[in-house]
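So the number in the numbering used here is just where the residue sits in the sequence shown, counting from 1, plus 877.
See structure below.
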Amino acid sequence: MASSIPVSYGDLLTNADDQQLEIFCIIWLDDNVQASDDRDTEQKLRSIINRLKRFKDVERCQQYINAGSAKDRLIIIVSGRLGRKIVPTIHNVRQVISIYVYCMDEAGNREWSKKYTKVKDIVTELDKLISRIEVDHKIQKVIEQPLSINIFTAGKSTDDVNGKFVYSQVLIDCLLRLKTTSEDTKELIQILKQEYEDNRFELSNIQEFRKKYSSDQAVWWYTRDTFFYKALNAVLRTENIHMIFLFRTYVFDIQHQLKTHQAKKPLRVYRGQVISIEELKTLQNSCGQFISISTTDRI
């Protein structure tokens, strides 16, 4: 049955929200949620999606959703009673990608919610809720994360499309030539600690990274399912210049390791990437051109 869970409320939108590295965010709306010292539920959810906001009030929750970035992708958990109020008003918001009703009356809430396609499930058990969010998020990460695609078309001016392509290539090349400083490392670690401040698992990984990272471990760190891969991929996809600057040493280390261990015999591999209609049209209109895609997604 539905039960109380631990909370750390985020009712007010702050500047920190605009600086989040990850685009996915869980928003939990329930006026019966009780505070508790036990944060097991929160940690389980943060292990799936780090950003987590909780609200008791429909109006404040809606204000937060409307004030967010267009790049955000929101997963909503809501009680049955408050779901009846807020779901009709947020269902068509692009940033909202899925809604889960966590309640004690599954049959009653299934009736009103069946006309809303973004309502993915009606659940009465917490473990089932967490499991469903985890399964769905594996698909969401492929579908919803934007690609940064830059095209170079021969014969065109560098003021428009080509300018962005050249800029992105020159930027990465310049950053890889810059030496890192202890101040840059300190700033990056501090930003990462703020990003994952309520995530015990990732804070532990950040501490390990700060103490033990070495250049010959770059690929090893990148292939672990931790903050390092998530944050680096996010800043490249969103073209966060300042964060790319802070990550430059690690991008260089990855590049160097890949070159050092490059296979002597070519190996053809395949991977999939779900893209939007707009992205598909961009690629279709760019046959024969140079294409740059900023992402470090692992195969």
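Even glycine gets a Cβ: it sits at the ideal position worked out from N, Cα and C.
**Item:** I904 burial status per 10 Å Cβ neighbour count (16 or more: buried)
**Value:** I904 comes out buried.
**Prompt:** Does DSSP put G1165 in a helix, a strand or coil?
**Reply:** In this structure, G1165 counts as coil in the three-state DSSP scheme.
**Buried versus exposed, by CB contacts within 10 Å (16 or more), D1004** = The residue is exposed, with fewer than 16 neighbouring Cβ atoms inside 10 Å.
**Item:** Residues bridged to C902 (per DSSP)
**Value:** In the DSSP assignment, C902 is bridged to R928, L951.
**Prompt:** Between the C-alpha atoms of H1119 and I1068, what's the straight-line distance to the nearest angstrom?
**Reply:** Computed Cα separation, rounded: 11 Å.
**Asked** In whole angstroms, what is the alpha-carbon distance linking D914 and L1053?
**Response** Per-residue confidence for D914 stands at a pLDDT of 41, beneath the threshold of 50, marking its modelled position as unreliable; the derived number appears in the next sentence. For D914 and L1053, the distance between alpha carbons rounds to 45 Å.
**Prompt:** For Y1090, which residues of its own chain have a beta-carbon under 7 Å away from its beta-carbon, when the five flanking residues on both sides are left out?
**Reply:** Excluding residues within five positions, the ones whose Cβ falls inside 7 Å are W1098.
**Request:** Using 10 angstroms around the beta-carbon of C1164, count the other beta-carbons present and answer buried if the total reaches 16, otherwise exposed.
**Result:** Exposed: under 16 other Cβ atoms inside 10 Å.
**Euclidean distance between Cα positions of Q1161 and R1114** = Across the structure, Q1161 and R1114 are spaced so that their CA atoms are roughly 20 Å apart.
**Asked** Between which two residues does the beta strand (DSSP E) harbouring V1000 extend?
**Response** That run of the beta strand (DSSP E) goes 996-1000.
**Request:** Since I believe I974 is in contact with Q1017 (beta carbons under 8 Å), could you give me their beta-carbon distance rounded to a whole number of angstroms?
**Result:** Right, their Cβ atoms sit about 6 Å apart.
**Request:** Give me whichever residues DSSP pairs with Y977 in a beta bridge.
**Result:** Partner(s): I954, D998.
**Asked** Sorted by chain position, which residues of the same chain lie with C-beta nearer than 6 Å to Q1084's C-beta, five sequence neighbours on each side aside?
**Response** Exclusion of the five residues before and after Q1084 leaves no residue of its chain whose Cβ lies closer than 6 Å to its Cβ.
**Request:** Ignoring anything shorter than 4 residues or poking outside the region 1084-1172, list the alpha helix (DSSP H) runs there in chain order.
**Result:** Runs found: 1095-1099, 1104-1114, 1118-1137, 1154-1161.
**Item:** Span of the alpha helix (DSSP H), counted from its first residue to its last, around Q920
**Value:** Unbroken alpha helix (DSSP H) run through Q920: 917-923.
**Request:** Please report how far the alpha carbon of A947 lies from the alpha carbon of I1154, in whole angstroms.
**Result:** Approximately 17 Å between the Cα atoms of the pair.
**Message:** If you measure between the beta carbons of A1108 and L951, is that distance less than 8 Å?
**Reply:** Cβ distance not < 8 Å, so A1108 and L951 don't count as in contact.
**Message:** What does the alpha-carbon distance come out to for the pair L1157 and Q1071?
**Reply:** If you take the alpha carbons of L1157 and Q1071, they lie about 36 Å apart.
**Prompt:** Around the C-beta of H1014, are 16 or more other C-beta atoms found within 10 angstroms, so that it is buried, or is it exposed?
**Reply:** Buried, since its Cβ has 16 or more Cβ neighbours within 10 Å.
**Prompt:** Does any residue of chain B bring its CB to less than 8 Å from the CB of W989?
**Reply:** The question asks about chain B, but that chain is absent: this structure has only one protein chain.
**Prompt:** Rounded to a whole number of angstroms, what is the C-alpha to C-alpha distance between N986 and R916?
**Reply:** Answer to the nearest angstrom: the Cα atoms are 27 Å apart.
**Request:** Throw me the rounded Cβ distance for the E1002 and I925 pair, which I believe falls under 8 Å.
**Result:** Rounded, the Cβ-Cβ distance is 17 Å, inconsistent with contact.
**Spatially closest choice to A1095 from L1055, T1137, D1061, by CA coordinates** = Of the candidates L1055, T1137, D1061, the one whose C-alpha sits nearest the C-alpha of A1095 is T1137.
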